[in-house]
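Following: one structure in structure tokens, then a few remarks.
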Amino acid sequence: VDEKTYTILGVGAEENVSACILNRGYAFLSQYIGHVNKVETLEFFEETIEHIKKLINVDFEAIACDMHPSFLTTKYAEEISAERDLPLFRIQHHHAHIAKAMVEHNLNESIGIAIDGMGYGEDGNIWGGEILYCSIDEYERVGHLEYHKMPGGDLVTKYPLRMLAGIMGEDVYDFLNERKESFPHGEKEIEIVFKMIKNPSIKTSSCGRLLDAISALLDICHFMNYEGEPALKLESVAKKGEDVLEIEPLIKNGVIYTKNMVEEIFENRKEKRENLAYSAEEYIAKSLARMAIEKAEEKGIGNIVIAGGCAYNEHINLRIREIVENFSLNFFVNSKVPCGDGGISFGQVMVANKKMKNIMRK
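Right, here's the structure in full:
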């Protein structure tokens, strides 16, 4: 990747974790570890790092981790940093996503479209639908999908009807009660969900959660049995559809509004659901592409990068590519490193390496 590199350990995030060790111009990515949210998985993760470390015979000069304070990988990184008196770099999740694609394609700067399920934001909210102006070592958040409340926090991932309530509020009260069997505690739980919405809570700009909510609205998936199930099933249904709604992107002051799109789908839910699913994905793709192009023109940049788990959505990815390339801009996506969180550790070490270089120059 670069002959002049420090020896840095990247520990990834929490889901789909891999570790990465950067040393002498080479990045050594571990095998897929999985979700590091239990002690047993963390122990295997630690053993994997020690194994690679012995194989290439290195001592770390710095550690890179996610900004999320509750991740076990973050706590592990903090312990290693403290024990060995090593610099610790906390890398914003979506910056790491874009950086890994930039390094792969040898880009110095880009406008990044980072779309996934979740990443800890600098404002304390959950990001996941981001437009970033990036160099390898720095980023500026120049746009994002509209924030919506997450009633019950991470429970919205498992029960996407909760996320729908977070977006639509009281407008879907009757709709949810008609589907009370999809809530473990039925009507009582629905009442609690709506009470949560009225109180201040964590918000999210996540593209993944938005897709989940639409999947639930269209009665495609009300409960997540495996990672990404609601959004994946939505994508499958959308493949047979067409853009019947043709909703014009609503963008103001760096925010891509999405409640209007969900409302439109709700009002037209007697339409074929494959068409509504396609229309939703089309709106998201058009909106993200439009804002990325606008920011690229403002900054005088010719490169647009897409990364994150939602970039695996073929319709969204290819539609953004089509729009971007029609504006004679370059479009890049990961091909050697996983587009999702499996490649985050690589992005982390590359950002940390650049930051280390900047520090040593001073």
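For my numbering, count along the sequence shown from 1 and bump the result up by 8.
Virtual Cβ for every residue (Gly too), placed ideally from N, Cα, C.
Since the model is a prediction, treat every value here as computed from it, not as a measurement.
Problem - Status (buried if at least 16 other CB within 10 Å, exposed otherwise) for V47 - result: For the purposes of this step, residue 47 is taken as the residue at position 39 of the sequence shown. Classification of V47: exposed, given that the 10 Å Cβ count is below 16.
Exercise for the section: Compute the Euclidean distance between the alpha carbons of A319 and E138, then round it to the nearest angstrom. Expected result: Here residue 319 is taken as the residue at index 311 of the sequence shown, counted from 1. Here residue 138 is taken as the residue at index 130 of the sequence shown, counted from 1. Spanning the alpha carbons of A319 and E138 requires a straight line of approximately 12 Å.
Practice task
Would you list the one or two residues that DSSP bridges to I222?
Solution key: The residue given as residue 222 occupies position 214 in the sequence shown. Note: I222 is not bridge-paired with any residue in the DSSP secondary-structure output.
Exercise for the section: From the DSSP output, in three-state form, read off V9 for me. Expected result: On the sequence shown, residue 9 is found 1 positions in, with the first residue counted as 1. Of the three classes helix, strand and coil, the one that applies to V9 here is coil, per DSSP.
Exercise for the section: Pull up the distance between the alpha-carbon of S214 and that of I29, whole angstroms please. Expected result: Looking up residue 214 in the sequence shown gives position 206. Looking up residue 29 in the sequence shown gives position 21. Taking C-alpha positions only, S214 is separated from I29 by approximately 29 Å.
Problem - Three-state secondary structure assigned by DSSP to K363 - result: Counting from 1 along the sequence shown, the entry for residue 363 is found at position 355. Under the three-state reduction of DSSP output, K363 falls in the helix class.
Handout entry: Beta-bridge partners of F340, as assigned by DSSP
Key = Here residue 340 refers to the residue found at position 332 of the sequence shown. Beta-bridge partners assigned by DSSP to F340: V313.
Handout entry: Cβ shell of N342 (< 7 Å), same chain only, five flanking positions each side left out
Key = The residue given as residue 342 occupies position 334 in the sequence shown. Answer for N342: K108, A109, E112, A315 and G351, listed in chain order.
Problem - Cβ pair count under 8 Å reaching 3, the region 128-144 against the region 89-109 - result: In this structure the region 128-144 lies against the region 89-109, because at least three pairs of beta carbons, one per stretch, are closer than 8 Å.
Exercise for the section: Grab the span of the beta strand (DSSP E) containing M75 for me, first residue to last. Expected result: By one-based count along the sequence shown, residue 75 stands at place 67. Per DSSP, M75 belongs to no beta strand (DSSP E) and is neither H nor E.
Problem - Length at least 4, wholly inside the region 259-340: the alpha helix (DSSP H) runs in chain order - result: For the alpha helix (DSSP H) assignment, the uninterrupted runs of no fewer than 4 residues enclosed by the region 259-340 are, from N- to C-terminal side, 267-275, 281-307 and 322-334.
Problem - Where the alpha helix (DSSP H) through A122 begins and ends - result: Within the sequence shown, residue 122 is the residue found at index 114, counting from 1. Counting along the chain, A122 falls outside any alpha helix (DSSP H), though it belongs to the beta strand (DSSP E) covering E117 to Y128.
Practice task
Express the C-alpha separation of I119 and P159 in angstroms, rounding to a whole number.
Solution key: Position 151 of the sequence shown, counting from 1, holds the residue named residue 159. Position 111 of the sequence shown, counting from 1, holds the residue named residue 119. So the two alpha carbons sit approximately 31 Å from each other.
Handout entry: Contained beta strand (DSSP E) runs [length at least 3] in the region 79-110, N- to C-terminal order
Key = When DSSP assignments are scanned along the region 79-110, the uninterrupted stretches of beta strand (DSSP E) that are 3 or more residues long and fall wholly within it turn out to be 96-99.
Practice task
Taking F53 and A27 to be in contact with their CB atoms under 8 Å, please state how far apart those CB atoms are, rounded to whole angstroms.
Solution key: Here residue 53 refers to the residue found at position 45 of the sequence shown. Here residue 27 refers to the residue found at position 19 of the sequence shown. That belief holds up - the Cβ atoms of F53 and A27 are roughly 7 Å apart, short of 8 Å.
Handout entry: For V25, the three-state DSSP class (helix, strand or coil)
Key = Reading the sequence shown from its first residue, position 17 is the one you call residue 25. Strand at V25.
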